[in-house]
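Student: Below: one structure in structure tokens.
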Amino acid sequence: MIGQYAGESVIYGGLYSFVYLIAFISISLGIVNLLPLPILDGDKL
Numbered sequence: 010m011i012g013q014y015a016g017e018s019v020i021y022g023g024l025y026s027f028v029y030l031i032a033f034i035s036i037s038l039g040i041v042n043l044l045p046l047p048i049l050d051g052d053k054l
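In the working numbering, the protein residues as written are 10 to 54.
This is the structure in structure tokens:
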């Protein structure tokens, strides 16, 4: 799904749209990484 959207963004939106998509994914993963989820941090805060 992400790969398909990335391909379409390059074809229809150009490089700017693709870079925006990559930045959005990176920021989203960074925010999720800050959440103290016990499953993901080995149950130690």
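A virtual CB, placed ideally from N, CA and C, is assigned to each residue, including glycine.
These numbers were taken from a predicted model, which means no experiment stands behind them.
For the alpha helix (DSSP H) holding Val41, just list the boundary residues, first then last.
Tutor: Val41 -> alpha helix (DSSP H) spans Gly23 to Leu43.
Student: I'd like to know whether the C-beta atoms of Leu30 and Ala15 end up nearer to each other than 8 Å.
Tutor: Yes, the Cβ-Cβ distance between Leu30 and Ala15 is below 8 Å.
Student: So for Ile48, helix, strand or coil by DSSP?
Tutor: Ile48 falls in the coil class under three-state DSSP.
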